[in-house]
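Participant: In UniProt numbering, the protein residues as written are 1 to 119.
#1: Measuring straight from C-alpha to C-alpha, what distance separates residue 105 and residue 58?
#2: Which partner residues does residue 81 have in the DSSP bridge list?
#3: Identify the residues that DSSP records as bridge partners of residue 65: which are they?
#4: What's the C-alpha gap between residue 44 and residue 7?
#5: Let's test the definition: count the other Cβ atoms within 10 Å of the Cβ of residue 73 and tell me whether it reaches 16, buried, or not, exposed.
#6: Any idea if residue 61 is buried or exposed, counting beta-carbon neighbours within 10 angstroms, 16 or more meaning buried?
#7: Please list the terminal residues of the continuous alpha helix (DSSP H) segment that includes residue 43.
#8: So residue 16 is in the beta strand (DSSP E); what residue range does that whole segment cover?
#9: Determine the DSSP secondary structure at residue 95, reduced to helix, strand or coil.
Structure below.
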């Protein structure tokens with residue numbers, strides 16, 4: 001069971017992801033709706049895994065990956081992106097994200113990504 005921080009500016013997306021994760025017995029320890037909140041909550045909660053949306057207000061997922069990695073080089077981050085954001089996904093992985101999942105979320109793909117980053 002992993003402790004997970006979900007970051008997405010869309011409440012519906014956070015709920016969808018939280019339901020998938022809870023069903024698999026993971027614990028959602030926090031939710032944020034922008035990159036700035038994500039960084040603050042990461043430092044405060046020290047989750048095992050972060051799911052991070054790319055396009056968000058205030059601070060993007062890309063900027064948040066870099067910030068979180070400064071605080072914790074071992075942070076396990078999974079990017080969430082809509083179709084057509086491949087270039088940003090590549091940048092996020094270069095910045096230190098370990099995997100990515102595409103929206104709308106596919107339950108088995110979400111679980112696969114979580115298991116992969118936890119290994």
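The C-beta atom is built at its ideal place from N, Cα and C for all residues, glycine as well.
Facilitator: Considering the structure as presented:
#1: 24 Å
#2: 102
#3: According to DSSP, residue 65 bridges with nothing at all.
#4: 14 Å
#5: exposed
#6: buried
#7: 35-45
#8: It is not in any beta strand (DSSP E) - residue 16 instead sits in the alpha helix (DSSP H) that spans 11-23.
#9: helix
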